[in-house]
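In the UniProt record's numbering, the protein residues as written are 1 to 141. Each residue gets a CB set at the ideal place from its N, CA and C atoms; glycine is no exception. To keep things clear, I will list the structure first and then write my remarks on it.
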Amino acid sequence: MFEIQQDITHPAGKYFMGFKGGDCVFEEIADLLTDDNELAGKINFQLTEGQIFDRDVKDVTVFYKLVGDSRFKFFRSNGFELVFVHLTEDWMRQARVDLGSINYAGGVDVQLAWNDKEDILSVKGIGDTDYVTVKAMQIDN
């Protein structure tokens, strides 16, 4: 299951999501991304679903959402990385964290933050104290 905590724009509390019949049910996380936080926001959530950490599963999309003129995607790639992508008409930003560098045995805590200047992906094993934090690389269109 996933536990999501929204901070900054929406005092939405906690949400839970998981998988049904092999399909990712991501609406709860994606619903945290609204027109109000298209330009700047921050969300925190936990990933504990086994498919995220199963190397035999090619890739797992946690969410993909269009918000205003922006697109947000968060997924586990076939390279066993957690990837945060933020795309606008002017640029694309992408941040990657290698899951192999994280103690993911009990799951991971994830923080995603974005604004007009940068996007940040932070990941740590549940119970660990330090996040691995990556600033997204930007490619202008």
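Between Q94 and V85, the C-beta gap is smaller than 7 Å, which places the two residues in contact. The beta-carbon distance between Q111 and S122, rounded to whole angstroms, is 4 Å. This is short enough to meet the 8 Å contact definition. Taken atom to atom, the span from the alpha-carbon of N78 to that of D128 is near 25 Å. With fewer than three CB-CB distances shorter than 8 Å, the stretch 46-66 does not count as touching the stretch 129-140. Counting along the chain, the unbroken beta strand (DSSP E) around Y64 starts and ends at V60 to V67.
Between Y64 and F75, the alpha-carbon positions lie close to 9 Å from each other. Inclusion of D69 and T48 in the CB contact set at 7 Å is not warranted, their separation being larger than that value.
Looking only at L82, D116 and D98, the smallest Cα-Cα distance to M92 is reached by D116.
Around the CB of I29, 16 or more other CB atoms lie within 10 Å, so the residue is classed as buried. Boundaries of the beta strand (DSSP E) harbouring D109: V108 to W114, taken from the DSSP string.
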